[in-house]
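Sequences listed follow chains E and G, in order. Note that the first sequence covers residues 1 to 263 in my numbering. Note that the second sequence covers residues 264 to 585 in my numbering.
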Amino acid sequence: MEILVCVKRVPDTAENEIEINSDGTDIDRDDLVYSVNEWDNYAVEEAIQIRDKVGGTVTVVTVGDDESEEVLRREMAMGADKGILLSDGAFEGSDGFGIASILKAAAGKGNYDLILTGAQADDGAAQIGGMLAAMLDRPYASLVNSIEVVDDKTMKIGREIEGGNQEMSEIQMPCVLSIQTGINEPRYVGIRGIRKVASVDIPVHGAADLAVDASAAGSAGAKVKRLDYFVPELGEGAEMLEGGMEEKIDKLVELLKAKGGLK
Amino acid sequence: MAQLFTYIVHKGGLVDDTAAELALAAQKIGSGASVTAIVTGTGADLDAVCQQASKFYSQIWKFDHADLAYPNAEAIRKLLVQLLPSDGIFLLPHDTFGMDLGPGLAVKLKSAYTADIIGIDAVEEGNLKIVRQEFAGMAYTHVSVDISDGVVLTFRPGSFQSEGQGAVNGQIVDKSSEIGELNVNRRFIEIVEAETGDVDITKADVLVSIGRGIEDQDNVEVAEELAEAMGAVVACSRPIVDAKWLEKSRQVGTSGQTVKPKVYMALGISGSFQHMGGIKGSPFIVAVNKNAKAPIFQVADVGIVEDMLEFMPELTEKIESA
Ligand SMILES: Cc1cc2nc3c(=O)[nH]c(=O)nc-3n(C[C@H](O)[C@H](O)[C@H](O)COP(=O)(O)OP(=O)(O)OC[C@H]3O[C@@H](n4cnc5c(N)ncnc54)[C@H](O)[C@@H]3O)c2cc1C
């Protein structure tokens with residue numbers, strides 16, 4: 001089976017405090033720790049497991065800049081066979097539709113039976129997989145948390161829905177699935193694994209190679225534009241307990257007693 | 264102003280809370296405009312849902328069809344593409360159904376798409392200025408959306424709370440005869456209910472809930488000791504279940520359990536809307552987080568900036584020595 005997995009390099013929100021820069025045009029990107037989008041790791045792991053069962057290849061692709069190459073290498077160290085970087089100044093300012101259009105062009109250069117994305121990335125929009133599927137006219141399912149290959153044409157999949165219940169369906173291939181965390185346990189990638197793929201060639205494709213035009217991608221084609229980042233005026237929020245550890249604990253114990261938090 | 268439509272999510276003959284929330288959001292976009300709610304399903308449940316929805320909407324379009332008995336996003340997309348005007352404004356909840364339907368629908372309608380909206384800032388000719396978040400709720404942004412060729416919008420559940428609504432008494436129009444071909448390449452089979460675990464966190468009065476800040480499986484024990492000292496039950500956020508450190512039945516949130524404790528102590532949890540969406544009945548929320556800017560401090564009653572790994576054993580000791 002030929003599998004394409006779309007991944008993204010994102011600031012690691014578990015590792016960073018996100019601050020907005022002084023003019024509100026971006027977040028403060030100095031000293032940010034980046035990693036592969038959490039959901040994408042599960043998608044790549046799933047692709048590798050499917051390939052190991054039924055044969056084929058796993059290709060990872062990302063739309064990004066030179067630095068995005070590191071996430072492709074990381075996913076190749078996990079076991080993906082190939083990486084493709086889609087990079088061009090003309091892609092800057094793309095909205096979700098633009099990113100999906102670029103990925104569609106890249107998908108068209110291969111012959112993929114299955115395309116996976118993470119369920120969502122750092123902007124929380126959860127949109128690329130569904131858009132890509134519709135552009136390619138392929139069936140789609142979001143938030144997939146189990147995959148069973150039935151035959152060349154069919155898969156049985158589970159979608160995670162509200163309350164942790166699972167919606168089981170049969171889907172025809174070729175198709176696009178967005179992957180939810182918890183579907184598997186992504187393997188650990190050590191520094192040695194990364195070194196092994198350090199010199200593997202990763203092709204870079206721009207707008208011209210992909211025949212993506214300005215009406216589809218980039219800021220000119222974007223109907224959705226981020227205007228700024230801002231800090232909202234919020235309510236008072238929590239009453240913050242101050243002082244040293246002991247002081248905080250004393251205050252908390254009093255509060256817990258009053259609210260029925262201690263038995 | 265283009266026509267406004269919403270999709271009504273329902274289950275077991277009951278409308279979801281988002282039905283009222285989307286009515287309010289639609290009013291913010293087209294104040295005073297008539298809004299049409301689209302309801303799909305079959306039989307008596309569908310009729311009951313249409314009745315409930317008519318409290319919030321001036322017009323209900325009812326679609327009764329065996330192929331719509333389960334809300335399969337692919338079938339519903341086909342229906343909507345046949346139905347919606349090319350410049351329509353279509354509102355959906357940002358839940359597991361909206362995420363499944365929205366992006367592909369926007370592509371097929373050649374409309375703009377914006378997801379997980381938490382506020383509407385301005386409505387202009389052919390343009391909306393909306394508010395959303397990025398980076399797991401740690402940054403807010405204003406987004407401009409060109410709606411001149413129509414738009415599909417998904418709204419975060421709970422961000423438009425309705426008060427004193429629900430007296431519209433709208434008209435229910437049966438549009439079932441207009442349903443065209445609904446063949447799908449993704450066929451629904453069944454729902455597998457979530458497994459019940461060893462403890463029922465929904466029954467607990469006091470929850471000690473741990474998130475990614477617990478860092479290591481070995482530290483889960485430290486939280487269990489604290490819970491025992493407090494007479495509480497251990498719950499958690501999703502990453503702890505993904506890592507298989509606790510059972511799925513311990514997960515609080517939209518894709519886990521909905522809990523109604525008296526006291527909810529969140530340790531090393533950032534406060535994502537999917538997590539907070541599982542906490543109901545306004546408990547007393549204590550948040551312990553090492554990041555003073557963690558979003559959870561906006562919704563907690565009491566906040567403590569500390570390393571939870573140092574904090575938990577000290578609190579346990581204090582309680583045990585009392
Ligand atoms: C469709 C869908 C459904 C979802 N359903 C759920 C759900 O039901 N429940 C759920 O929880 N999530 C759910 N999620 C995931 C959700 O979006 C978040 O990713 C998740 O809630 C984050 O968990 P967290 O707060 O534990 O981790 P993070 O967001 O990584 O936060 C960890 C926090 O711990 C703090 N921290 C780190 N170390 C320490 C320390 N030593 N001491 C103190 N604090 C520390 C950090 O400052 C940070 O604030 C869902 C996501 C999707 C897309």
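We treat Cβ as the ideally placed atom computed from N, Cα and C, and that holds for glycine.
Would residue i pass as an interface residue toward chain G - the criterion being a Cβ-Cβ separation below 8 Å?
| i | result |
| --- | --- |
| S22 of chain E | no |
| I161 of chain E | yes |
| Y140 of chain E | yes |
| V253 of chain E | yes |
| Q172 of chain E | yes |
| I48 of chain E | no |
| G243 of chain E | no |
| S169 of chain E | yes |
| M1 of chain E | no |
| V224 of chain E | yes |
| L234 of chain E | yes |
| K248 of chain E | yes |
| M78 of chain E | no |
| A207 of chain E | no |
List the residues of chain G that residue i touches, going by C-beta distances under 8 Å, in chain order.
| i | result |
| --- | --- |
| E231 of chain E | It should be noted that the sequence gives Val, not Glu, for residue 231 of chain E. Here the neighbours are Y403. |
| N165 of chain E | I454, V455, E456, A457 |
| L32 of chain E | Correct list: empty, because the minimum Cβ distance to chain G is about 10 Å. |
| T294 of chain E | Limits of chain E in this structure are 1 at one end and 263 at the other, which puts residue 294 of chain E out of reach. |
Residues in the same chain with beta-carbon distance under 7 Å from residue i, minus the five sequence neighbours each way, listed in chain order, please.
| i | result |
| --- | --- |
| A214 of chain E | A90, A220, G221 |
| K525 of chain G | D468, V469, P546, F547 |
| E69 of chain E | L85, I202 |
| G365 of chain G | L355, Y376, A378, V415, T417 |
| V204 of chain E | L85, S87 |
| I384 of chain G | Checking the sequence shown, residue 384 of chain G turns out to be Asp, not Ile. Around D384 of chain G: K392, I393, V394, H405. |
| A289 of chain G | L267, T269, V298, L354 |
| I99 of chain E | V63, I128 |
| Y229 of chain E | I20, G24, D26, I27 |
Run down chain G in chain order and give the residues with a C-beta less than 9 Å from the C-beta of residue i.
| i | result |
| --- | --- |
| K263 of chain E | D468, V469, M493, G494, A495 |
| D122 of chain E | E397, F398, A399 |
| G260 of chain E | D468, V469, K525, V526, F547 |
| L143 of chain E | T359, M362, D363, S518 |
| I27 of chain E | E397, F398, M401, A402 |
| E185 of chain E | D505, A506, K507 |
| A214 of chain E | Chain G residues near A214 of chain E: none, gap ~16 Å exceeds 9 Å. |
Checking contacts by CB at 8 Å: is residue i closer than that to chain E?
| i | result |
| --- | --- |
| R513 of chain G | no |
| M362 of chain G | yes |
| P366 of chain G | yes |
| F547 of chain G | yes |
| G566 of chain G | yes |
| Y376 of chain G | yes |
| D236 of chain G | Any answer about residue 236 of chain G is impossible in this case: the structure gives chain G only from 264 up to 585. |
| L578 of chain G | yes |
| K543 of chain G | no |
| K371 of chain G | yes |
| F451 of chain G | yes |
| I582 of chain G | yes |
List, in chain order, every chain G residue whose beta-carbon is nearer than 7 Å to that of residue i.
| i | result |
| --- | --- |
| I18 of chain E | F398, M401, A402 |
| I11 of chain E | Sequence inspection shows Pro at residue 11 of chain E; the Ile mentioned does not correspond to that position. The answer, in chain order, is F398. |
| D228 of chain E | T404, H405 |
| G108 of chain E | Residues of chain G passing the Cβ test: none, with the nearest at roughly 16 Å. |
Note down, in chain order, every chain E residue with its Cβ under 8 Å from the Cβ of residue i.
| i | result |
| --- | --- |
| F560 of chain G | G237, A238, M240 |
| F353 of chain G | What F353 of chain G touches in chain E: nothing, since even the nearest Cβ is about 14 Å away. |
| F418 of chain G | The contacting residues do not exist; F418 of chain G stays about 13 Å from chain E at best. |
| D444 of chain G | The amino acid at residue 444 of chain G is misidentified as Asp; the sequence shows Glu. Per Cβ cutoff of 8 Å: no residues; E444 of chain G is ~15 Å from chain E at best. |
For residue i, which residues in chain E fall below 9 Å Cβ to Cβ?
| i | result |
| --- | --- |
| K556 of chain G | E17, I18, E19 |
Return the chain-ordered list of same chain residues with a C-beta closer than 6 Å to the C-beta of residue i, the five sequence neighbours on each side being excluded.
| i | result |
| --- | --- |
| I18 of chain E | I27 |
| I477 of chain G | G531 |
| A492 of chain G | T579, I582, E583 |
| T59 of chain E | L4, K82 |
| L254 of chain G | Limits of chain G in this structure are 264 at one end and 585 at the other, which puts residue 254 of chain G out of reach. |
| D669 of chain G | With chain G covering 264 to 585 only, the question about residue 669 of chain G has no answer from this structure. |
Does the distance between the C-beta of residue i and the nearest non-hydrogen atom of ligand 2 fall short of 7 Å?
| i | result |
| --- | --- |
| S407 of chain G | Summarising the ligand content, the structure contains ligand 1 and does not contain ligand 2. |
For residue i, go through chain E and note every residue whose CB falls closer than 7 Å to its CB, in chain order.
| i | result |
| --- | --- |
| N448 of chain G | P139, I171, Q172 |
Who are the near neighbours of residue i in its chain, counting only those whose CB is closer than 8 Å to its CB and skipping five residues on each side?
| i | result |
| --- | --- |
| A307 of chain G | G276 |
| T459 of chain G | S512 |
Pair every Cβ in the region 161–175 of chain E with every Cβ in the region 186–206 of chain E, then say whether three or more of these pairs are closer than 8 Å. no
Does the region 235–242 of chain E come close enough to the region 561–574 of chain G to have 3 or more Cβ pairs within less than 8 Å? yes
Mind listing which residues of the region 94–107 of chain E have their C-beta closer than 9 Å to chain C's C-betas, in chain order? Looking at the structure shown, chain C is missing, and the protein chains on hand are E and G.
Any contact of the region 331–350 of chain G with the region 446–461 of chain G, i.e. 3+ C-beta pairs under 8 Å? yes
Any contact of the region 122–139 of chain E with the region 151–160 of chain E, i.e. 3+ C-beta pairs under 8 Å? no
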